[in-house]
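Notes for the one structure printed next.
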Amino acid sequence: MLNKSMSDCPVINTELKEEQLTEPFFEREKGILIVISGPSCAGKGSVCKIICRKNPDLRLSISETTRQPRNSEKHGREYFYISKESFEERIKKGQYLEYATVYENYYGTPKDYVENLLESGFDVILEIDIQGAAKVRTNYKEGIYIFIVPPSMQELRRRIEERGTESKEQMEMRLNCAYEEMKNADDYSYIVINDDLNDAAQRVQSIITAEKCRTERLKNKIEDILGR
Numbered sequence: 010m011l012n013k014s015m016s017d018c019p020v021i022n023t024e025l026k027e028e029q030l031t032e033p034f035f036e037r038e039k040g041i042l043i044v045i046s047g048p049s050c051a052g053k054g055s056v057c058k059i060i061c062r063k064n065p066d067l068r069l070s071i072s073e074t075t076r077q078p079r080n081s082e083k084h085g086r087e088y089f090y091i092s093k094e095s096f097e098e099r100i101k102k103g104q105y106l107e108y109a110t111v112y113e114n115y116y117g118t119p120k121d122y123v124e125n126l127l128e129s130g131f132d133v134i135l136e137i138d139i140q141g142a143a144k145v146r147t148n149y150k151e152g153i154y155i156f157i158v159p160p161s162m163q164e165l166r167r168r169i170e171e172r173g174t175e176s177k178e179q180m181e182m183r184l185n186c187a188y189e190e191m192k193n194a195d196d197y198s199y200i201v202i203n204d205d206l207n208d209a210a211q212r213v214q215s216i217i218t219a220e221k222c223r224t225e226r227l228k229n230k231i232e233d234i235l236g237r
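Each residue of the sequence shown is one higher than the last, beginning at 10 in the numbering used here.
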């Protein structure tokens with residue numbers, strides 16, 4: 010549902026100039042959609058930040074929202090801020106990959122923004138919850154779906170306690186929610202255990218690299234090599 014933006018994944022203009030599209034040197038294959046989910050404090054946001062730093066062709070999708078921006082936030086960096094009326098009109102037109110209501114505000118992943126990036130040759134990462142991922146999967150079955158989990162419930166409890174932002178009741182609620190969410194792990198193509206942040210990020214990077222070498226993604230390349 011919600012996917013955060015990060016300064017490590019810069020917002021770019023996805024409209025390529027005509028000469029870039031016709032010049033062979035700038036030709037790009039269509040990008041790959043990467044969906045990353047996991048329970049709170051599993052470390053998915055930190056993993057995304059690391060792989061974004063290491064991948065110049067990876068972009069983190071930015072959600073649209075109807076909530077007001079905070080003082081430190083900037084349109085197009087944390088979120089795209091639009092009116093409730095505009096959001097609801099876009100819902101009617103089917104212009105979101107997924108959306109949800111949180112505390113009376115809409116949040117959604119704009120389909121055109123993601124598709125423009127993919128068509129421009131950039132891989133796009135969505136850091137979203139299980140419900141949002143299920144909706145995206147209906148339109149992008151060929152995407153890479155990765156579920157990040159902690160090594161144990163005890164470690165997850167420790168991380169939540171270390172964060173120190175929840176009351177005891179809130180912490181128990183988060184743990185119960187995480188327990189239920191992890192029952193859906195088999196809906197994903199890959200599971201990455203985050204026992205060490207850098208190792209987990211490397212595993213995710215390895216998954217992306219391997220997926221780019223899948224036969225069905227390289228059929229056109231083979232045809233080019235064979236001159237057919």
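Built from N, CA and C at the ideal position, the CB exists for glycine as well.
Taking DSSP as the reference, what is the three-state secondary structure of residue i?
i       : result
Gly-236 : coil
Tyr-88  : strand
Ile-45  : strand
Arg-212 : helix
Ile-231 : helix
Tyr-149 : coil
Thr-110 : strand
Asp-132 : strand
Glu-82  : coil
Thr-224 : helix
Lys-26  : Per-residue confidence for Lys-26 stands at a pLDDT of 44, beneath the threshold of 50, marking its modelled position as unreliable; no derived number is given.
Ile-75  : One detail in the question is off: residue 75 reads as Thr in this sequence, not Ile. DSSP places Thr-75 in coil when its eight states are reduced to three.
Asp-196 : helix
Could you check whether residue j and residue i sit closer than 9 angstroms to each other, using their CB atoms as the reference points?
i       : j       : result
Ile-217 : Lys-53  : no
Glu-190 : Val-145 : no
Leu-42  : Glu-151 : yes
Glu-232 : Asp-204 : no
Phe-89  : Tyr-112 : no
Asp-114 : Arg-79  : The residue you asked about is not Asp; residue 114 is Asn in the sequence shown. Cβ distance not < 9 angstroms, so Asn-114 and Arg-79 don't count as in contact.
So residue i is in the alpha helix (DSSP H); what residue range does that whole segment cover?
i       : result
Ala-187 : 177–190
Arg-68  : Counting along the chain, Arg-68 falls outside any alpha helix (DSSP H), though it belongs to the beta strand (DSSP E) covering 67–69.
Ile-100 : 93–101
Gly-54  : 53–63
Determine the extent of the beta strand (DSSP E) in which residue i is found, giving its start and end residues.
i       : result
Tyr-115 : 114–119
Per DSSP, which one or two residues make a beta bridge with residue i?
i       : result
Thr-174 : Thr-174 is not bridged to any residue.
Val-158 : Ile-202
Tyr-122 : The partner list for Tyr-122 (beta bridge, DSSP) is empty, contrary to what the question assumes.
Tyr-105 : Pro-119
task: Please determine if the segment 169–186 and the segment 61–70 are in contact, where contact requires at least 3 C-beta pairs separated by less than 8 angstroms.
output: No: fewer than three Cβ pairs fall under 8 angstroms.
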